[in-house]
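Chains as they are written, first to last, in this note's numbering: chain Y, 1 to 472; chain H, 473 to 944.
Glycine included, C-beta positions come from ideal geometry on N, C-alpha and C.
A quick note: this is a predicted structure, and the numbers were derived from the prediction, not measured.
To start, the structure under review is shown below, and the notes come after it.
There are 2 protein chains.
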Amino acid sequence: MTPLPPAFHATLSELLGDDWRTDATALEAHAQDNSWRHALPQGVALPRNREQVQAIVRACHDHGVPLVGRGAGTGTTGAAVPTAGGMVLSFVHMNRILDIRAGDRCAVVEPGVLNGDLQQALMPHGLFWPPDPSSAEICSIGGNLACNAGGPRAVKYGTSRDNVLGLVAVTGTGALIRCGGPYTKDATGYDLTHLIVGSEGTLALIVEATLKLAPRPRAQAGLRVLYRDAGSAAAAVSRVMAQPVTPTMLEFMDARSLELLRRNGAQVPDAGAMLLIEADGDDDTLPYLLNALAQAAEGDGMLELDVATDGSARDRLWAARRALSPALKSIAPGKINEDVVVPVSRIPELVEGVQQLSREAALPIVTFGHAGNGNLHVNILYHPDDAGESARAHAALPKVFALTLALGGTLSGEHGIGLAKRDFMAQAFSASTLAAMQAIKQALDPAGILNPGKVMPPLVPTPHGHQGTDFP
Amino acid sequence: MTPLPPAFHATLSELLGDDWRTDATALEAHAQDNSWRHALPQGVALPRNREQVQAIVRACHDHGVPLVGRGAGTGTTGAAVPTAGGMVLSFVHMNRILDIRAGDRCAVVEPGVLNGDLQQALMPHGLFWPPDPSSAEICSIGGNLACNAGGPRAVKYGTSRDNVLGLVAVTGTGALIRCGGPYTKDATGYDLTHLIVGSEGTLALIVEATLKLAPRPRAQAGLRVLYRDAGSAAAAVSRVMAQPVTPTMLEFMDARSLELLRRNGAQVPDAGAMLLIEADGDDDTLPYLLNALAQAAEGDGMLELDVATDGSARDRLWAARRALSPALKSIAPGKINEDVVVPVSRIPELVEGVQQLSREAALPIVTFGHAGNGNLHVNILYHPDDAGESARAHAALPKVFALTLALGGTLSGEHGIGLAKRDFMAQAFSASTLAAMQAIKQALDPAGILNPGKVMPPLVPTPHGHQGTDFP
Numbered sequence: 001m002t003p004l005p006p007a008f009h010a011t012l013s014e015l016l017g018d019d020w021r022t023d024a025t026a027l028e029a030h031a032q033d034n035s036w037r038h039a040l041p042q043g044v045a046l047p048r049n050r051e052q053v054q055a056i057v058r059a060c061h062d063h064g065v066p067l068v069g070r071g072a073g074t075g076t077t078g079a080a081v082p083t084a085g086g087m088v089l090s091f092v093h094m095n096r097i098l099d100i101r102a103g104d105r106c107a108v109v110e111p112g113v114l115n116g117d118l119q120q121a122l123m124p125h126g127l128f129w130p131p132d133p134s135s136a137e138i139c140s141i142g143g144n145l146a147c148n149a150g151g152p153r154a155v156k157y158g159t160s161r162d163n164v165l166g167l168v169a170v171t172g173t174g175a176l177i178r179c180g181g182p183y184t185k186d187a188t189g190y191d192l193t194h195l196i197v198g199s200e201g202t203l204a205l206i207v208e209a210t211l212k213l214a215p216r217p218r219a220q221a222g223l224r225v226l227y228r229d230a231g232s233a234a235a236a237v238s239r240v241m242a243q244p245v246t247p248t249m250l251e252f253m254d255a256r257s258l259e260l261l262r263r264n265g266a267q268v269p270d271a272g273a274m275l276l277i278e279a280d281g282d283d284d285t286l287p288y289l290l291n292a293l294a295q296a297a298e299g300d301g302m303l304e305l306d307v308a309t310d311g312s313a314r315d316r317l318w319a320a321r322r323a324l325s326p327a328l329k330s331i332a333p334g335k336i337n338e339d340v341v342v343p344v345s346r347i348p349e350l351v352e353g354v355q356q357l358s359r360e361a362a363l364p365i366v367t368f369g370h371a372g373n374g375n376l377h378v379n380i381l382y383h384p385d386d387a388g389e390s391a392r393a394h395a396a397l398p399k400v401f402a403l404t405l406a407l408g409g410t411l412s413g414e415h416g417i418g419l420a421k422r423d424f425m426a427q428a429f430s431a432s433t434l435a436a437m438q439a440i441k442q443a444l445d446p447a448g449i450l451n452p453g454k455v456m457p458p459l460v461p462t463p464h465g466h467q468g469t470d471f472p
Numbered sequence: 473m474t475p476l477p478p479a480f481h482a483t484l485s486e487l488l489g490d491d492w493r494t495d496a497t498a499l500e501a502h503a504q505d506n507s508w509r510h511a512l513p514q515g516v517a518l519p520r521n522r523e524q525v526q527a528i529v530r531a532c533h534d535h536g537v538p539l540v541g542r543g544a545g546t547g548t549t550g551a552a553v554p555t556a557g558g559m560v561l562s563f564v565h566m567n568r569i570l571d572i573r574a575g576d577r578c579a580v581v582e583p584g585v586l587n588g589d590l591q592q593a594l595m596p597h598g599l600f601w602p603p604d605p606s607s608a609e610i611c612s613i614g615g616n617l618a619c620n621a622g623g624p625r626a627v628k629y630g631t632s633r634d635n636v637l638g639l640v641a642v643t644g645t646g647a648l649i650r651c652g653g654p655y656t657k658d659a660t661g662y663d664l665t666h667l668i669v670g671s672e673g674t675l676a677l678i679v680e681a682t683l684k685l686a687p688r689p690r691a692q693a694g695l696r697v698l699y700r701d702a703g704s705a706a707a708a709v710s711r712v713m714a715q716p717v718t719p720t721m722l723e724f725m726d727a728r729s730l731e732l733l734r735r736n737g738a739q740v741p742d743a744g745a746m747l748l749i750e751a752d753g754d755d756d757t758l759p760y761l762l763n764a765l766a767q768a769a770e771g772d773g774m775l776e777l778d779v780a781t782d783g784s785a786r787d788r789l790w791a792a793r794r795a796l797s798p799a800l801k802s803i804a805p806g807k808i809n810e811d812v813v814v815p816v817s818r819i820p821e822l823v824e825g826v827q828q829l830s831r832e833a834a835l836p837i838v839t840f841g842h843a844g845n846g847n848l849h850v851n852i853l854y855h856p857d858d859a860g861e862s863a864r865a866h867a868a869l870p871k872v873f874a875l876t877l878a879l880g881g882t883l884s885g886e887h888g889i890g891l892a893k894r895d896f897m898a899q900a901f902s903a904s905t906l907a908a909m910q911a912i913k914q915a916l917d918p919a920g921i922l923n924p925g926k927v928m929p930p931l932v933p934t935p936h937g938h939q940g941t942d943f944p
């Protein structure tokens, strides 16, 4: 790897002082995210304001140094891993909540604010920010926006992209741009806000976000519904989504998930599949909402329906759901966890197809997730030190994607692409569509310094990951 | 104006036969939209499928001919008026509803489908498409998407951009791109879908859209609330938006609007301002929702609150609202109607500022609109044949925009920019932000043939409106 140019190093030192780090401890601390990937950066910048971010990007631009933006490092796709070398820009010091505008239902934050810290700050205002990755306590808002994080509440409240009103960001030339603002309707110029959300630091670095808030519901309650088989449960998902009461959460677990819960001591009856359905509202309306959801959940193949309206029964219900991911390790230490999306009506075929792939690969595949959005987590489990199992697991992965795409779905619902799914992008999109995306990359990051090699399949690799484009 | 090149004309004739029109009748029929603007195109293409659209765009690209996409011509900003000459591409023949997927809560349509026709087709499925410009019966889905149309229901259901899941579109090179699809969660690559929505035909032409549908509510009811002054009503808007029950509609009318209604015979008591607040749900929950909204509407300065739960009282309520726009003509035949947006908390200052501008210009300015989104229609009324009034009206317009921007708002909430507000874009956005938008324009439409001169302020005008860019 080419060493960082001395002039670049000098510029960063002068700009950032002790917030420019090249010691081994700092490099190692910014070498990985929550994927299996690891690559050392050549330097770590910890800016404290947007002007420093601009100056850093300009230096990278001028010297052709790759720049990987980093939130809290909880991503699962390798998007924050500096595989092309260069530097990591961490937003850990830019963690101020700049404004909470209760009357406008929005908050203005720096990208390093932790999701959970924002939720705490919003509590006294009776508001919350809906995106809820299961890692709320440790993940940053900037990271949530960069990968368009979702979580179970997205079925009612939408994903990160649906809950941002405006951004201030720095493009690949160091230009500061501002789009959107503290309002919910906007037909003024091009929508750069939603374009930058989900672009995983490849188009621009977010330095400020205006987030759309929702009023915190006064009451919540849930249903646990068991079904004979996955097909019956999936049909119920379609019925639930076709009636007027949108659930707050609508989670699916296949037979293997339930088996796993029982094996770990949870009190879950034997069944082919389970739905956890939740509603929110207030004490007056909640019984009616639950009743509508229960009516939709009932149908051919339903075995048992339990209502949990009080706190502790509801907590037990969700504890069962949360116990799933850690419990996977009791089957096998290796896990390939993908978050594919299919149209809700195709969930039965996805579940059936995955079971078929499991039999073919002779490996357990456990499927559960956010069924109301058609967003299922497919977990391929294997022993990494067993060469045969490892090979079969990695051979099964492209088949999961091919099945998903054949059902009219897409690669990722909430984790993003990063490195993990980058090489499948050409199956998900036509060459023309990818070329249009590359042209936009080129427009906002002409030197190709922002997170090179992520999201987009590389076209013309050059030193420091600069990507050319053949569009149009 | 340069005549169309003979080779271009021959290509279009061969491709489209009788669907390529250059006769005076056809040209005149495609020379204007619902703005005051008029410019004859040099030819009109009426394609029947996406392959023809691609071929037309390629021909325009190769010959440098400007191409203006056209839905039903109901836009108010001149976006569909071919001011740079060249040709109009009308989607009138591409008007098929391709699929209604009730289980996936989405519909797949061609752009020429009328909004009202789609709503009719969705009725038996118990679904609807939320965007509701007041022109539903005569406006097209493609036009709604091109200008990010909103309407009163947007406060609960969002605008056109919030209600589209995927697009198939043709970029300025004739490339067919496909992004998004029949699913509600997507973290796969760049979000071209929301970028193209609202770009007014300047980035790509939509040839297919997958629309997000909502379940049709079983019951609706409304409140009519009168206030002492605009400030009290605006404070109530903030209170309504800060509690958990989101209204379906939340419309504001100032004192002049009420005066106008009374002058035209409507039964509206004397007051400083009025809110119409609507909720939807079902028979069980609606009383609770209305109660919550009524509690929020009550407060300092409230004079009177009427509940209209039955059909006819509710109809009278909304008839009053619909009567407003036509009633404006009884004051003066000339009207400059802008749809500015401010943060909800700044509505009092906007209304007060507009009243001040009205006094300064010695012209009536009537303000009403979608207060829940901070999206108000400011109507400057004047006699066009009175040179003094006309000059004062046109001098007041930039002051309305300056006031809006000073309050942290933006130029347009639902009409778009087109020609009408194009020259104010440089006040709404920094030079860097506009340059980023221009770079994206350049990326998707490198020859600058798609609706040249609209939305973006021109940088480097050349023959046939080709725009260069100085970004980065």
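- The same chain holds no residue with a CB closer than 8 angstroms to that of Ala659 of chain H once the five nearest residues on each side in sequence are set aside.
- Val636 of chain H sits close to Val669 of chain H, with the two beta carbons spaced by under 8 angstroms.
- In this chain, the beta strand (DSSP E) harbouring Gln692 of chain H covers Ala691 to Tyr699.
- Partner residues in the beta bridge of Gly515 of chain H, as assigned by DSSP, are H:Met559.
- With fewer than 16 other CB atoms across the displayed protein chains lying within 10 angstroms of its CB, Arg359 of chain Y is exposed.
- Any Cβ of chain H closer than 8 angstroms to the Cβ of Glu414 of chain Y would place that residue at the interface, and such an atom is present.
- By the CB criterion at 8 angstroms, Val642 of chain H and Met566 of chain H fall outside the cutoff.
- Nearest to Ala146 of chain Y by alpha-carbon distance, out of Y:Arg153, Y:Pro133 and Y:Met425, is Y:Pro133.
- Chain-order list of chain Y residues neighbouring Cys651 of chain H: Thr433, by C-beta distance under 7 angstroms.
- Using a CB distance cut-off of 8 angstroms, Lys657 of chain H counts as an interface residue toward chain Y.
- Residue contact check for Asn620 of chain H against chain Y: a CB pair falls below 8 angstroms.
- Of all C-beta pairs linking the region 567-584 of chain H to the region 334-354 of chain Y, three or more are shorter than 8 angstroms, placing the two stretches in contact.
- Those residues of the region 539-559 of chain H placed with their C-beta closer than 7 angstroms to a C-beta in chain Y do not exist.
- If you look at Ile572 of chain H, you'll find it in the beta strand (DSSP E) that goes Ile569 to Arg573.
- Under the three-state reduction of DSSP output, Asn379 of chain Y falls in the strand class.
- Interface annotation, Val455 of chain Y: in contact with chain H, CB-CB separation under 8 angstroms.
- Chain H places no beta carbon closer than 8 angstroms to that of Ile277 of chain Y, leaving this residue out of the contacts.
- Only Asn847 from the region 847-875 of chain H bring a Cβ to less than 8 angstroms from some Cβ of chain Y.
- Using a Cβ-Cβ cut-off of 8 angstroms, His666 of chain H counts as an interface residue toward chain Y, since at least one Cβ of chain Y sits closer than that to its own.
- Counting along the chain, the unbroken beta strand (DSSP E) around Gly806 of chain H starts and ends at Gly806 to Val813.
- In the DSSP assignment, Gly448 of chain Y falls outside any alpha helix (DSSP H), carrying neither H nor E.
- The residues Leu276, Ile277, Glu278, Ala308, Arg314 and Leu317, in chain order, have a CB closer than 7 angstroms to that of Gly222 of chain Y in the same chain once the five nearest residues on each side in sequence are set aside.
- Selection H:Met559, H:Asn616, H:Pro602 and H:Pro741 evaluated against Asp752 of chain H yields H:Pro602 as nearest (Cα-Cα).
- When only Cα atoms are considered, Gly844 of chain H and Thr184 of chain Y end up about 9 angstroms apart.
- Per DSSP, Phe840 of chain H is one residue of the beta strand (DSSP E) stretching across Ile837 to His842.
- Under a criterion of Cβ atoms nearer than 9 angstroms, the residues of chain H adjacent to Gln442 of chain Y are, in order, Ala911 and Ala915.
- For the C-beta of Ala102 of chain Y, the chain H residues within less than 7 angstroms are, from N- to C-terminus, Ala714.
- Proximity of Val581 of chain H to chain Y, defined by a Cβ-Cβ separation below 8 angstroms, is not satisfied.
- With respect to chain H, the C-beta atom of Gly301 of chain Y has no partner C-beta closer than 8 angstroms.
- For Ala892 of chain H, there is no enclosing alpha helix (DSSP H), as DSSP marks it with neither H nor E.
- For Ala531 of chain H, the number of other beta carbons within 10 angstroms of its own is at least 16, and it is reported as buried.
- Within chain Y, the residues placing a beta-carbon under 9 angstroms from that of Ala900 of chain H are Thr188 and Gly189, ordered along the chain.
- In the three-state DSSP reduction, Arg70 of chain Y falls in the strand class (E or B).
- Following the DSSP letters along the chain, one finds Val529 of chain H inside the alpha helix (DSSP H) bounded by residues Arg522 to His535.
- Residues are counted here when their Cβ sits less than 9 angstroms from a Cβ of chain H; for the region 212-232 of chain Y these are Ala214, Pro215, Arg216, Pro217 and Arg218, given in chain order.
- Closer than 8 angstroms to the CB of Arg37 of chain Y there is not a single CB belonging to chain H.
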